[in-house]
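Structure first, then comments.
Protein chains: 2
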Amino acid sequence: MELARGMATQEHLEGLVLKLETVTPLSEEERRLLLGLPLSVRRFEAYRDIVSEGERTKQCCLVIEGLVCRYKLVANGERQILSLHIPGDIPDLHSLHIEEMDHSLGTLTAATVGFIPHEAVRNVTRASYRVSEAFWREALIDAAIFREWMVGIGRRSATSRIAHFLCEFVTKMKAIGLSDGVTCDLPMTQPEIADALGLSTVHTNKKLRELRQAKLVRIRANRVTVMDWDGLCELGEFDPRYLHLRK
Amino acid sequence: MELARGMATQEHLEGLVLKLETVTPLSEEERRLLLGLPLSVRRFEAYRDIVSEGERTKQCCLVIEGLVCRYKLVANGERQILSLHIPGDIPDLHSLHIEEMDHSLGTLTAATVGFIPHEAVRNVTRASYRVSEAFWREALIDAAIFREWMVGIGRRSATSRIAHFLCEFVTKMKAIGLSDGVTCDLPMTQPEIADALGLSTVHTNKKLRELRQAKLVRIRANRVTVMDWDGLCELGEFDPRYLHLRK
DNA sequence: CGACATTTTGAGTCAGCTCAATCAGTGTGG
DNA sequence: CCACACTGATTGAGCTGACTCAAAATGTCG
Numbered sequence: 515m516e517l518a519r520g521m522a523t524q525e526h527l528e529g530l531v532l533k534l535e536t537v538t539p540l541s542e543e544e545r546r547l548l549l550g551l552p553l554s555v556r557r558f559e560a561y562r563d564i565v566s567e568g569e570r571t572k573q574c575c576l577v578i579e580g581l582v583c584r585y586k587l588v589a590n591g592e593r594q595i596l597s598l599h600i601p602g603d604i605p606d607l608h609s610l611h612i613e614e615m616d617h618s619l620g621t622l623t624a625a626t627v628g629f630i631p632h633e634a635v636r637n638v639t640r641a642s643y644r645v646s647e648a649f650w651r652e653a654l655i656d657a658a659i660f661r662e663w664m665v666g667i668g669r670r671s672a673t674s675r676i677a678h679f680l681c682e683f684v685t686k687m688k689a690i691g692l693s694d695g696v697t698c699d700l701p702m703t704q705p706e707i708a709d710a711l712g713l714s715t716v717h718t719n720k721k722l723r724e725l726r727q728a729k730l731v732r733i734r735a736n737r738v739t740v741m742d743w744d745g746l747c748e749l750g751e752f753d754p755r756y757l758h759l760r761k
Numbered sequence: 515m516e517l518a519r520g521m522a523t524q525e526h527l528e529g530l531v532l533k534l535e536t537v538t539p540l541s542e543e544e545r546r547l548l549l550g551l552p553l554s555v556r557r558f559e560a561y562r563d564i565v566s567e568g569e570r571t572k573q574c575c576l577v578i579e580g581l582v583c584r585y586k587l588v589a590n591g592e593r594q595i596l597s598l599h600i601p602g603d604i605p606d607l608h609s610l611h612i613e614e615m616d617h618s619l620g621t622l623t624a625a626t627v628g629f630i631p632h633e634a635v636r637n638v639t640r641a642s643y644r645v646s647e648a649f650w651r652e653a654l655i656d657a658a659i660f661r662e663w664m665v666g667i668g669r670r671s672a673t674s675r676i677a678h679f680l681c682e683f684v685t686k687m688k689a690i691g692l693s694d695g696v697t698c699d700l701p702m703t704q705p706e707i708a709d710a711l712g713l714s715t716v717h718t719n720k721k722l723r724e725l726r727q728a729k730l731v732r733i734r735a736n737r738v739t740v741m742d743w744d745g746l747c748e749l750g751e752f753d754p755r756y757l758h759l760r761k
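Protein sequence lines correspond, in order, to chains A and B. In the numbering used here, each residue's number is its place in the first sequence (first place is 1) plus 514. In the numbering used here, each residue's number is its place in the second sequence (first place is 1) plus 514.
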């Protein structure tokens with residue numbers, strides 16, 4: 515994916531349609547509705563907040579390009595990354611029904627983001643039951659991913675957590691066509707991966723090396739390659755059902 | 515709350531209305547709609563599954579009385595409790611839009627549960643935008659609680675996590691009128707609290723004792739009493755905004 | 001070639017874990 | 001009213017996975 519300036523609005527919305535279709539089938543009519551959403555596109559540098567905890571917004575944010583995350587900070591300054599969002603995701607869909615952000619939304623890489631007014635989203639959901647269904651499913655799958663992460667952080671070993679994380683990321687990237695199921699970009703530093711998994715940087719590094727030495731994955735220059743998918747899944751107890759993807 | 519057999523269906527639904535009103539204001543009309551929902555009531559013993567992972571249901575489950583939880587098991591047999599549900603909650607509202615359960619729903623105490631057909635829920639949401647809004651908010655707050663738990667499990671110390679947990683529980687019980695904000699029933703054993711917080715039983719016991727010795731809480735016979743609310747909140751970094759309660 | 005960000009490694013520490021008793025509360029049957 | 005059986009709460013004694021601190025190695029890029 516390249517920088518997005520200059521693309522037609524419709525083109526930007528195609529990622530959204532593609533993403534929704536990974537979980538809900540859409541008719542031509544419904545696709546048209548979505549592609550007609552108004553969008554104001556903005557480019558962010560890496561490590562900027564898109565929306566901060568405590569804010570109240572009147573628009574939803576569509577990831578067009580780049581990697582975005584939701585996170586919270588705790589008193590001692592540590593961070594917990596709550597979720598990762600790839601193109602096609604609307605990480606703050608909830609803002610449609612819950613005024614105040616209880617966490618922040620920020621970029622992990624430079625990113626292109628489109629803002630869609632709440633009113634416009636409400637209109638398309640009112641216009642089509644299936645579209646509102648698709649948004650419901652998106653929001654509920656988001657929650658399902660939180661649950662799976664909770665299990666990982668609460669009850670799985672560091673190694674298992676990392677393996678699970680890699681499986682999930684590749685699977686999600688594959689669903690939207692950004693991975694062949696074996697390899698994809700993973701533009702995160704080790705401290706960031708650590709913050710997502712509730713680990714320390716140093717420990718993450720050491721366990722990552724073990725995965726590499728066990729020939730389960732190859733990680734270099736912001737790119738993962740899964741060498742042994744079955745082995746990695748088993749280690750991470752990864753079962754993609756919680757992602758509720760179609761087919 | 516007593517055993518519920520023999521009560522009128524409407525009376526059972528009052529808990530739902532009360533709960534929804536803690537997050538969304540409802541008109542008389544909307545209340546009537548909700549009170550008209552068909553309900554088939556069933557009593558469960560403690561430690562029974564209401565719905566199991568992998569199932570597909572055609573109804574939602576309303577907690578009428580008792581304490582219910584959602585949980586997942588991991589390969590080594592350990593359990594992570596994902597959420598607790600008190601009267602008025604619909605812990606599997608998501609089943610309306612996501613076919614397959616990716617976790618189980620079970621009782622922690624004897625409990626009275628009402629089943630509402632999906633079709634009936636869809637009808638009331640179609641009949642009133644505000645009611646559908648209320649359900650959206652319920653589902654999204656559910657996700658907000660997951661996020662807060664993730665932060666706790668991933669980044670807070672055991673003591674802090676326990677303190678946070680107690681604050682949250684009392685706050686939620688107060689919202690539906692089952693606590694005065696200081697004391698309430700907490701019908702969970704220490705192993706169960708441990709499973710909710712991603713801790714071991716022994717460690718939970720020791721940290722709980724510290725909280726008691728620090729005169730922050732009193733815990734005995736399935737009942738908590740908060741002795742020093744400010745102290746407990748500070749220790750647990752508890753800020754109730756994520757619960758998105760009204761007023 | 002610096003300057004900076006990121007990864008890697010080593011060493012020592014500790015929060016939280018496991019194992020193994022012991023104690024306490026409740027209920028059952030005689 | 002007591003012995004027995006359970007379940008749950010407590011305690012003590014190590015153990016260890018994950019953490020912190022600190023430094024060195026490696027990569028990236030203007």
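We treat Cβ as the ideally placed atom computed from N, Cα and C, and that holds for glycine.
- In terms of Cβ geometry, Gln594/A and Val684/B do not form a close pair [threshold 7 Å].
- Taking C-alpha positions only, Glu569/A is separated from Glu559/B by approximately 44 Å.
- Assignment of Tyr585/A by DSSP, reduced to helix, strand and coil, places it in the strand class.
- In this structure, Arg760/B and Val537/B form a Cβ contact; the two beta carbons are roughly 6 Å apart against a cut-off of 8 Å.
- Straight across, the Cα-Cα distance linking Cys583/A with His599/A is about 6 Å.
- Per DSSP, reduced to three states, the secondary structure at Val696/B is coil, with no helix or strand assignment.
- Listed in chain order, the non-local C-beta contacts of Lys729/A below 7 Å within the same chain comprise Met741 and Asp742, local neighbours out to five positions each way being set aside.
- Chain order gives the chain A residues near Gln594/B as Met664, Val665, Gly668 and Arg669, where near means a beta carbon separation below 7 Å.
- When DSSP reads this structure, Pro601/B sits in no beta bridge, so it has no partner.
- Within the same chain, Val684 and Met687 come within 7 Å of Ser693/A by CB-CB distance, once the 5 residues on both sides are set aside.
- Of all residues in the region 576 to 594 of chain B, only Arg584, Lys586, Val588, Ala589, Glu592, Arg593 and Gln594 place a beta-carbon less than 8 Å from a beta-carbon of chain A.
- Taken through DSSP and simplified to helix, strand or coil, Asp744/B comes out as helix.
- Secondary structure at Thr673/B: helix, using DSSP grouped into helix, strand and coil.
- Distance from the CA atom of Glu682/A to the CA atom of Ile630/B, rounded to whole angstroms, is 34 Å.
- Taking CB atoms only, Asp699/B has no neighbour in chain A less than 7 Å away.
- Per DSSP, the beta-bridge partners of Gly628/A are Val555/A and Leu576/A.
- Rounded to the nearest angstrom, the gap between the Cα atoms of Leu607/B and Leu548/B is 15 Å.
- One finds His608, His611, Ile612 and Ala653 in chain B with Cβ atoms closer than 7 Å to the Cβ of Leu654/A, taken in chain order.
- At a C-beta separation below 7 Å, His617/B has these neighbours in chain A: Arg661.
- Judged by their CB atoms, Ile578/A and Gly628/A are nearer to each other than the 7 Å cut-off.
- Gly591/A counts as exposed, since fewer than 16 other beta carbons sit within 10 angstroms of its beta carbon.
- Contact of Ala641/A with chain B is not assigned, every C-beta pair being separated by 7 Å or more.
- Using a Cβ-Cβ cut-off of 7 Å, Trp743/B does not count as an interface residue toward chain A, since no Cβ of chain A sits closer than that to its own.
- Taking C-beta separations shorter than 7 Å and ignoring five residues to either side along the sequence, the partners of Leu622/B in its chain run Ala560, Leu581, Val582, Cys583, Pro701, Met702 and Glu706, following chain order.
- Our two residues, Ile655/A and Cys747/A, have alpha carbons roughly 20 Å apart in a direct line.
- Distance from the Cα of Ala672/B is smallest, within the candidate group Ser597/B, Val588/B, Leu725/B and Cys698/B, for Leu725/B.
- Beta-bridge partners of Leu610/B (DSSP): none assigned.
- At least one CB atom of chain B sits nearer than 7 Å to the CB of His758/A.
- By the rule that beta-carbons nearer than 7 Å mark a contact, Arg755/B touches chain A.
- When the five nearest sequence neighbours on each side are left out, the beta carbons in the same chain lying within less than 7 Å of the beta carbon of Ser674/A are those of Leu749, Gly750 and Glu751, in order along the chain.
- Shortest Cα-Cα distance from Arg734/A to any of Asp699/A, Ala710/A, Pro552/A and Val638/A involves Asp699/A.
- Chain-ordered listing is empty here: chain A has no CB closer than 7 Å to the CB of Ala689/B, the nearest sitting near 16 Å.
- Distance from the Cα of His678/B is smallest, within the candidate group Glu542/B, Lys721/B and Arg636/B, for Lys721/B.
- In this structure, Tyr756/B and Glu652/B do not form a Cβ contact; the two beta carbons are roughly 14 Å apart against a cut-off of 8 Å.
- Here the C-alpha atom of Arg556/B lies approximately 49 Å from the C-alpha atom of Thr697/A.
- Taking the C-beta atoms as reference points, Val635/B is found nearer than 7 Å to Leu610/B.
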